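Numbering (UniProt numbering), first residue to last: 1 to 676. Backbone N, C-alpha and C fix where the C-beta goes; we use that ideal spot for every residue, glycine too. Predicted model only: the values in this text are computed from it and were never measured.
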């Protein structure tokens with residue numbers, strides 16, 4: 001059975017988190033002895049690097065009671081965050097103790113020994129802390145001791161992956177804090193030149209804000225590769241590997257070349273009509289706006305063609321002069337649309353340009369040419385220009401632009417690396433039109449996108465524009481060593497490759513547990529991945545306690561771990577009948593069984609698609625065996641059947657379910673604990 005369905009809540013109880021029995025919607029705080037503990041400081045230091053951030057969460061708690069107590073926090077994590085560290089400031093306030101990631105059982109045992117009660121001990125209690133998993137996005141933190149009238153400071157470390165959106169890395173935070181006192185977030189950029197934004201406004205590194213509601217923190221990198229690939233892959237078993245990959249397009253994919261020579265050819269045939277003729281000139285002007293920078297030293301020639309071709313400009317002119325010509329009143333429209341003639345005139349113009357100058361042709365037409373000349377007959381003329389040729393039909397409408405790879409002329413443009421476009425250039429905002437038609441000046445997206453993950457199939461969007469990204473976490477049969485992005489910028493081939501990153505793989509061994517992908521791991525593989533990540537997971541907790549630490553007079557009465565014992569009944573003399581029962585470590589009362597059952601049902605119900613729906617389950621058990629059950633829910637039959645099968649496969653902890661016969665009622669959403 002998948003680990004997420006089978007082991008998630010069991011790990012919670014094994015970790016000793018009875019104080020927080022279900023995933024919390026927000027942070028909670030109380031003392032084990034009931035002291036009204038007060039949080040005096042809650043500060044989150046966020047260090048933001050491209051793609052990832054590390055958060056150090058510092059909390060200081062004051063104990064106003066007359067006796068030492070233990071802090072018990074229920075913690076809610078930011079989306080996709082994973083805890084990877086624990087520190088406790090020593091009582092002298094001068095140094096820190098650091099926690100260690102251990103298996104759940106070992107961490108819990110060490111914590112119990114250090115916080116246990118022994119009336120014979122007269123020494124001071126040792127320091128102890130336990131950071132353990134409760135559920136997705138929810139942890140428990142226990143800190144001992146907080147002396148009477150004193151305070152303690154504890155730190156946890158979180159790793160957070162950022163999301164690439166509109167050319168920046170983004171992390172979202174919800175309202176965070178206790179009793180109406182919001183946590184303070186301090187944001188730092190790891191790179192000196194990188195810029196930070198909070199809720200859309202640029203701020204300096206070190207900016208402080210109160211997490212009194214939803215906030216967006218973004219990092220705008222100063223300089224990044226046009227396309228960046230990430231590949232993390234970690235073997236969890238001989239048959240399963242966790243793989244993360246991400247593609248981010250920062251851009252520019254291709255810069256406008258220096259000294260580019262551009263021929264703008266405008267169809268002047270009657271079929272356009274005056275409105276489309278004006279739209280063509282508006283689109284051409286919007287395009288040329290991107291060539292105006294003096295440093296580009298771009299040169300432009302403007303043609304008009306019908307059945308003849310005329311040079312509207314006097315050969316090669318500046319971009320400024322070309323823009324003036326396109327803004328002037330134009331001659332009347334005439335018959336004919338000889339695209340081939342316009343392309344041959346462009347070739348003649350390029351013969352007058354420097355031989356090494358980059359070449360472009362933008363030919364705007366309605367494609368209503370003579371049927372005797374098929375598009376294929378113009379392919380040679382387009383290729384002979386030596387330029388990247390774009391062909392476009394422009395409508396008199398709201399500004400719009402899209403490539404049309406299914407067009408009959410698409411192969412003509414593609415043979416040069418160019419594209420056939422469908423465009424519109426009505427009398428809208430000039431600024432928006434200019435931004436839109438930048439794609440004629442340089443490619444701003446990767447089209448026909450493909451991700452090659454060795455022999456694994458990957459589903460991706462058809463295109464990825466600058467400022468966009470795509471990522472995936474999944475399980476494969478083995479770790480992959482290489483990733484490649486393939487596609488087209490305009491119709492120029494695009495290929496970019498990267499190899500697996502060792503440091504990134506170690507990071508994702510922890511971050512994997514904030515994704516859905518690990519639900520497909522079996523138990524042993526999940527445990528191995530958890531150990532590799534060193535994060536707080538259903539199999540690993542962070543504990544801070546000396547191995548020699550023992551109980552003290554300030555500690556708590558903890559239920560000891562007892563050896564296996566057998567309790568049974570049976571007949572003698574060889575003729576009787578009976579049944580023996582073997583019980584594992586522990587005894588009745590060690591586990592909060594109704595809460596455990598409630599958690600098991602709730603998690604399986606979510607896994608079966610029960611989000612937002614209530615369900616009630618009646619179970620009958622004999623010792624640790626489920627012998628009967630009934631599921632009642634207003635939900636699709638498939639979800640109910642899924643839950644029924646999941647509960648029938650439930651393993652009750654031996655040694656905790658010791659009643660010869662018992663019945664349990666479990667309601668989800670919780671309406672109180674399961675009722676016996």
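Exercise. What separation, rounded to the nearest whole angstrom, lies between the Cα atoms of residue 170 and residue 221?
Worked result: 11 Å
Problem set entry | Burial state of residue 335, where buried means 16 or more other Cβ atoms lie within 10 Å | exposed
Problem set entry | contact_flag[the stretch 319-333, the stretch 456-472] where n(CB pairs < 8 Å) is 3 or more | no
Exercise. Quick one: what does DSSP say residue 112 is sitting in, helix, strand or coil?
Worked result: helix
For this session: Could you confirm whether any beta carbon from chain C is found closer than 7 Å to the beta carbon of residue 362?
Result: Checking the listed chains, one finds no chain C in this structure; it contains a single protein chain.
Problem set entry | Span separating the alpha-carbon of residue 89 from that of residue 95 | 6 Å
Exercise. Alpha carbon to alpha carbon, what distance is there between residue 423 and residue 706?
Worked result: Since the first residue shown for the chain is 1 and the last is 676, residue 706 is missing from the structure and cannot be characterised.
Problem set entry | Rounded Cβ spacing between residue 143 and residue 71 (contact assumed at less than 8 Å) | 4 Å
Exercise. Between the Cα of residue 294 and the Cα atoms of 450, 257, 157 and 661, which residue gives the shortest distance?
Worked result: 257
For this session: Taking only the alpha-carbon atoms, compute the straight-line gap between residue 379 and residue 303 and give it to the nearest angstrom.
Result: 19 Å
Problem set entry | Paired residues, beta bridge with residue 76 - DSSP | 138
Problem set entry | Three-way DSSP call (helix, strand, coil) for residue 680 in this model | Nothing can be reported for residue 680: it is not among the residues displayed for the chain, which extend from 1 to 676.
Problem set entry | Beta-carbon contacts of residue 173 that lie in its chain and below 6 Å, excluding the five residues immediately before and after | 78, 211 and 215
Exercise. How would you write the range of the alpha helix (DSSP H) that residue 638 sits in, first residue to last?
Worked result: 637-648
Problem set entry | Nearest candidate by alpha-carbon position, reference residue 505, set 232, 195 and 649 | 232
Exercise. In angstroms, rounded to a whole number, what distance separates the CA positions of residue 175 and residue 81?
Worked result: 15 Å
For this session: Mind checking which residues open and close the alpha helix (DSSP H) that includes residue 528?
Result: 523-533
Exercise. Expressed to the nearest angstrom, what Euclidean distance is found between the alpha-carbon atoms of residue 663 and residue 618?
Worked result: 7 Å
Problem set entry | Option in 338, 396, 363 and 198 with minimal Cα separation from residue 377 | 338
Problem set entry | Sequence-distant residues of its chain with Cβ nearer than 6 Å to residue 436 (five each side left out) | 399 and 401
Problem set entry | Inside the stretch 415-482 only - alpha helix (DSSP H) runs reaching at least 4 residues | 430-436 and 438-441
Exercise. From this set, 497, 64, 101 and 111, which residue's C-alpha is nearest residue 226's C-alpha?
Worked result: 497
For this session: Report the rounded CA-to-CA distance for residue 156 versus residue 184, giving the unit in angstroms.
Result: 15 Å
Exercise. Of the choices 536, 544 and 615, whose alpha-carbon is the least far from that of residue 135?
Worked result: 536
Exercise. Going straight from the alpha carbon of residue 261 to that of residue 447, what length do you get?
Worked result: 25 Å
Exercise. Hey, quick one: how far does the alpha helix (DSSP H) through residue 360 stretch, first residue to last?
Worked result: Unbroken run through residue 360 is the beta strand (DSSP E), 359-364; no alpha helix (DSSP H).
For this session: List the endpoints of the continuous alpha helix (DSSP H) containing residue 605.
Result: 593-607
Problem set entry | Cα-Cα separation between residue 145 and residue 596, rounded to whole angstroms | 28 Å
Exercise. Fully enclosed by the stretch 346-413, which beta strand (DSSP E) runs are 3 residues long or longer?
Worked result: 359-364, 388-395 and 400-403
For this session: Identify whether residue 513 lies in helix, strand or coil by the three-state DSSP scheme.
Result: helix
Problem set entry | Inter-residue Cα distance where the pair is residue 445 and residue 308 | 36 Å
Problem set entry | Simplified DSSP state of residue 105, which is helix, strand or coil | helix
Exercise. Whole-angstrom Cβ separation of residue 280 and residue 266, contact assumed at under 8 Å?
Worked result: 5 Å
Exercise. With respect to the beta strand (DSSP E) encompassing residue 320, which residues constitute its N-terminal and C-terminal limits?
Worked result: Per DSSP, residue 320 belongs to no beta strand (DSSP E); it is in the alpha helix (DSSP H), 319-327.
Exercise. Do the stretch 25-40 and the stretch 57-73 touch if we need at least three Cβ pairs shorter than 8 Å?
Worked result: yes
For this session: Compare the Cα-Cα distances from residue 489 to each of 439, 328 and 516 and report the closest residue.
Result: 439
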